[in-house]
Amino acid sequence: CIRDRFGTPLALAQVVEGIDCSARSNPADTFEMTGDDVFGKRFASEHLTLIDEVTGAEIIALTTSRHQNSKVYQTHPQWTPDGRYIIFRSSRGGNDESRRGFSYAISMENYEIVQVTTGDWGNDLHLGWKHNLAWFFENGELKELNLGRLLFDSEQGTVGKPSSYCRSIATLPDGLSPSGGVGLDANEQRLFFAARLPEGRSGIFGINFATGETTQLFEVPFRANHLQANPYVSGEIMYCWETGGDAPQRMWYLAVQPDGSVENRPVYVEKPTEWVTHEVFVGPDHIMFNVMAHLDRLRENPTGIFTLNLRTNEHINRGQIGKGGYWHCDGTRDLEWAVGDSFDGDLYRLNLTTGESTLLTTGHRPDSEGPFTREAHSHHNICLLYTSDAADDLLC
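Numbering-wise (my numbering), the sequence shown opens with residue 3 and increments by one.
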């Protein structure tokens, strides 16, 4: 802390060299200038409106601070169910040496930012599908965060102790640690997760919220990752064979029947010359995924964004873009629209009825020459929002 010759902290002084700075104190509450761990603290908006030079589209940059800010992965919800806030992660206020940082919520009404995790909570939240709650693991415990009450209290300036917003759901068995993704069941009464087991194996587990019991549902002889739950159908999850590259069989489906029995099977059985990646649920019966085209040998097969019916296994190629092809995808549950990005960071909207693709915004990976450079991908979502008894899709 820098002090003047009388020992007064200059950072706290409101009158400096005869200049009254008290009316200019608001910047001290901006996301850029403070690095504290203050649960429920609100930060001033830092949003910036941009115009894409190629498409003319208006883009709102929600975070512009110097910190490492990232969105929730495309397989999981990032909007609160009421559509009022987006949850994101930031390295600011790091809570350990690895600077995992915390989770924050940004208002879609005034773009103010709110800190919603604290201490050792980290920044891995799974939002509710219908209720404004969130779930996370802390020190072997599954906890539920009343996110809606926290955000309301933050708006009113009446935030209480962090513990008053949380309740413990379950304690994991000793030695068990989620490491392959978590998925909230469509009924919001259980959570699924993948965990590493000895000898390169993985287990798929479920936690019952009512009893707190953790049950192993299945075991596979590979590393399971990117686990996600079907937000429309209870008991269904999808996960992948994680290799860090091209898996022999990327996508897998697991369903827990009402009697407790488990169905596990591969989804879209791959050819040796296919590279499948970035699968997401896009409705109660359909998934969407990408078949890569960034290598000559992969172009021996049809490539592009595909949809697949989980009940019939029917799959449809929904289109491809030039150069290296699409990379990530997401779609509306009525199968009318999709979004996909290219290796150059261009974002396209696809009309799944006509096959037409429209360039939305461009150049978000300007220095990339392939998919595996250090530049970030957009990881775009078409978010499911619940309004009263109906559900609406929102492109973001």
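Where is the CB? At the ideal position from N, CA and C, for every residue including glycine.
Alpha helix (DSSP H) segment containing residue i, residue limits
i: ASP298; result: That residue, ASP298, is in no alpha helix (DSSP H); it is neither H nor E in DSSP.
Same chain, Cβ closer than 6 Å to residue i, neighbours up to 5 away in sequence not counted
i: TYR277; result: Just to set this straight, residue 277 is Trp in the shown sequence, not Tyr. Only ASP248, MET294, LEU300 meet the Cβ criterion.
i: THR2; result: In the structure displayed, the chain extends from 3 to 398; residue 2 sits before or after that span and is not available.
i: THR305; result: VAL293, ALA295, GLN322, GLY327
i: PHE283; result: ASN232, ILE289
i: PRO164; result: PHE41, THR120
i: LEU310; result: TYR270, ILE289, HIS317
i: THR82; result: ASN134
i: PRO250; result: none
Residues that DSSP places opposite residue i in a beta bridge
i: ALA257; result: GLU238, GLU265
i: ARG367; result: Answer is none; ARG367 lacks a bridge partner.
i: LYS145; result: PHE138, SER170
i: HIS288; result: ASN311
i: GLU60; result: ILE53
i: GLY208; result: PHE194, THR217
i: ASN227; result: CYS242
i: LEU354; result: Its beta-bridge partners do not exist; DSSP assigns none.
i: PHE104; result: SER92
i: LEU361; result: TYR350
i: LEU129; result: ALA136
i: GLY342; result: CYS331, TYR350
i: TRP81; result: ILE88
i: VAL293; result: VAL278, GLY306
Same chain, Cβ closer than 7 Å to residue i, five either side skipped, listed in chain order
i: PHE139; result: PRO180
i: LEU52; result: ILE61, ALA63
i: GLY42; result: VAL116, GLN117, LEU152, ASP155, SER156, VAL161
i: ASN383; result: GLN76, GLN80, ASP332, CYS398
i: VAL235; result: ALA188, PRO286
i: PHE45; result: ASP31, THR32, PHE33, GLU114, ILE115
i: HIS381; result: LYS73, TYR75, GLN76, HIS330
i: ALA378; result: none
i: ASP84; result: ASN134
DSSP three-state assignment for residue i, whether helix, strand or coil
i: GLU157; result: helix
i: PHE8; result: Below a pLDDT of 50, predicted positions are generally treated as unreliable, and PHE8, at 43, falls in that range; the measurement from the model is reported next regardless. Note: PHE8 maps to coil in three-state DSSP.
i: SER47; result: coil
i: SER179; result: coil
i: GLY202; result: helix
i: TYR113; result: coil
i: TYR75; result: coil
i: ILE21; result: strand
i: ASP31; result: helix
i: LEU337; result: coil
i: GLY347; result: coil
i: ARG151; result: helix
i: SER92; result: strand
i: SER380; result: coil
i: SER67; result: coil
i: ALA188; result: coil
i: TYR388; result: Its pLDDT being 48, under 50, TYR388 is placed unreliably in this model, and the value from its coordinates should be taken loosely. Three-state result, TYR388: strand.
The ligand FMN heavy atom lying under 7 Å from the CB of residue i
i: ASN292; result: Only the bare structure without any ligand can be found here, which leaves the ligand FMN out of the picture.
8 Å CB neighbourhood of residue i in its chain, flanking five on each side removed
i: TRP254; result: VAL222, ALA226, MET240, TYR241, CYS242, TRP243, ASN266, ARG267, PRO268, VAL269
i: PHE220; result: GLY205, ILE206, LEU256, VAL264, ASN266
i: GLU19; result: none
Residue i: first and last residue of the uninterrupted beta strand (DSSP E) it sits in
i: GLY306; result: 306 to 311
i: HIS317; result: 317 to 319
i: HIS280; result: 278 to 283
i: GLN218; result: 216 to 222
i: ILE323; result: Run containing ILE323: none; DSSP gives neither H nor E here.
Can at least three beta-carbon pairs, one atom from the stretch 53 to 60 and one from the stretch 69 to 80, be found at a separation below 8 Å? Under the 8 Å Cβ criterion, the stretch 53 to 60 does not count as touching the stretch 69 to 80, having fewer than three qualifying pairs.
Using 8 Å as the cut-off, can you tell me whether the stretch 158 to 173 makes contact with the stretch 181 to 192, which would need three or more C-beta pairs spanning the two stretches below that distance? Segment contact: the stretch 158 to 173 against the stretch 181 to 192, fewer than three CB-CB distances shorter than 8 Å; contact not assigned.
For the stretch 364 to 372 and the stretch 306 to 318, state whether three or more C-beta atom pairs, one from each stretch, are separated by less than 8 Å. Because the criterion of three Cβ pairs below 8 Å is not met, the stretch 364 to 372 and the stretch 306 to 318 do not touch.
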